[in-house]
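*Asks:* Sending over a structure as structure tokens; questions will come in a sec.
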Amino acid sequence: MSLPPLPLLLSAPSPASLTPALSTLFEPSPPLTAHLSPAIATLLSTAGQPQPANYADLIGLCAEVVDAWRDSERAEFLGSHPRIGEVKGLSALSEREQASRRTPEEVLDRLAYLNAAYETRYPRLRYVTFVAGRSRAEIVPELEGLLGLAAGEERDFQPVAVGGEEWRKELARGLGDVWRIGKDRLRALGAE
Numbered sequence: 030m031s032l033p034p035l036p037l038l039l040s041a042p043s044p045a046s047l048t049p050a051l052s053t054l055f056e057p058s059p060p061l062t063a064h065l066s067p068a069i070a071t072l073l074s075t076a077g078q079p080q081p082a083n084y085a086d087l088i089g090l091c092a093e094v095v096d097a098w099r100d101s102e103r104a105e106f107l108g109s110h111p112r113i114g115e116v117k118g119l120s121a122l123s124e125r126e127q128a129s130r131r132t133p134e135e136v137l138d139r140l141a142y143l144n145a146a147y148e149t150r151y152p153r154l155r156y157v158t159f160v161a162g163r164s165r166a167e168i169v170p171e172l173e174g175l176l177g178l179a180a181g182e183e184r185d186f187q188p189v190a191v192g193g194e195e196w197r198k199e200l201a202r203g204l205g206d207v208w209r210i211g212k213d214r215l216r217a218l219g220a221e
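Here the sequence shown is numbered in this note's numbering, starting from 30 and rising by one per residue.
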């Protein structure tokens, strides 16, 4: 897996040329194909628009574009990222990031519960975190802490208001980690 040279991508930016590269960085998804790639292509084709000097700058431009979207569009983009602990349907990079070693079934079960609890607490959002080489078992305490749960604890959750301050703060946190994941993928691909 690799990214095309950035000058080649910038020479004739189009949604069709940008989508594979952006999908490598952020995960393939309908919002990326339908909204992000066309918006970036339009920006890059606009006279006077500064061109990204490197892929990290392109990620920054993507973050600026997504930050300008309505909350519902931002949530849809975040929700296209795979859940922590999923083992099927992952991109090659997600699989490598999440599954550096075999995960015990009890950890996968706990993550399934925690993902469901998170999605109850934060409707329309998906928990995304910058894994940074950590095992799935190492993510469990992070997600428990975010939900205010003790190790192994289960309880019912009430949803926060969609669009409310807590929900928007969590949306911003998750998107911030999407951009961190993209930058880490640059490093892994040798495309910094």
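A virtual CB, placed ideally from N, CA and C, is assigned to each residue, including glycine.
Going along the chain, which unbroken runs of the alpha helix (DSSP H) with 4 or more residues stay wholly within the segment 66 to 90?
*Replies:* With a minimum length of 4 residues, the continuous alpha helix (DSSP H) runs that stay inside the segment 66 to 90 are 66 to 74.
*Asks:* Given this structure, state the Cα-to-Cα distance separating LEU73 from GLU183, to the nearest angstrom.
*Replies:* Numbered from 1 along the sequence shown, position 44 holds the residue referred to as residue 73. Numbered from 1 along the sequence shown, position 154 holds the residue referred to as residue 183. Rounded to the nearest angstrom, the two C-alpha atoms are 48 Å apart.
*Asks:* Can you have a look at LEU37 and say buried or exposed, based on whether 16 or more other CB atoms are within 10 angstroms of its CB?
*Replies:* Mapped onto the sequence shown, residue 37 falls at position 8. With fewer than 16 other Cβ atoms within 10 Å, it is exposed.
*Asks:* Give me, in chain order, the residues of the same chain whose beta-carbon lies closer than 7 Å to that of ASP206; leave out the 5 immediate sequence neighbours on both sides.
*Replies:* Mapped onto the sequence shown, residue 206 falls at position 177. Taken in chain order, the residues that qualify are VAL157, THR158, PHE159.
*Asks:* Measuring alpha carbon to alpha carbon, tell me which residue in LEU107, SER46, GLY114 is nearest THR132.
*Replies:* As a position in the sequence shown, residue 132 is number 103, starting the count at 1. For the residues LEU107, SER46, GLY114, the minimum Cα distance to THR132 belongs to GLY114.
*Asks:* Beta-carbon separation of LEU178 and LEU32 under 8 Å?
*Replies:* Stepping through the sequence shown from its first residue, residue 178 is reached at position 149. Stepping through the sequence shown from its first residue, residue 32 is reached at position 3. No, they are not a contact pair.
*Asks:* Starting from the C-beta of ALA50, find all residues in its chain whose C-beta is less than 7 Å away, skip the five residues before and the five after it, and write them out in chain order.
*Replies:* Counting from one through the sequence shown, the residue named residue 50 turns up at place 21. Excluding sequence neighbours, ALA50 sits near LEU32, PRO33, LEU38.
*Asks:* What does a CB cutoff of less than 6 Å around ALA220 pick up in its chain, not counting 5 residues either side in sequence?
*Replies:* Residue numbering aside, residue 220 sits at position 191 when the sequence shown is read from its first letter. The answer, listed in chain order, is LEU32, TYR84.
*Asks:* Following the continuous alpha helix (DSSP H) through SER58, name the residue where it begins and the one where it ends.
*Replies:* One-based indexing of the sequence shown puts residue 58 at position 29. No alpha helix (DSSP H) holds SER58; DSSP gives it neither H nor E.
*Asks:* Residue range of the alpha helix (DSSP H) that THR116 falls in?
*Replies:* Translated into the one-based positions of the sequence shown, residue 116 becomes position 87. First, the residue type needs correcting, since residue 116 is Val and not Thr in the sequence shown. Neither: VAL116 is in no alpha helix (DSSP H) and is coded neither H nor E.
*Asks:* Beta-carbon of GLY174 versus every beta-carbon of chain D: anything under 8 Å?
*Replies:* This model lacks chain D altogether; it includes just one protein chain.
*Asks:* Starting from ALA217 and walking both ways along the alpha helix (DSSP H), at which residues does that stretch end?
*Replies:* As a working mapping, residue 217 is identified with position 188 in the sequence shown. That run of the alpha helix (DSSP H) goes 194 to 218.
*Asks:* With contact counted as at least three CB pairs below 8 Å, one residue from each stretch, are the segment 100 to 109 and the segment 60 to 71 in contact?
*Replies:* Flag = yes, the segment 100 to 109 and the segment 60 to 71 touch.
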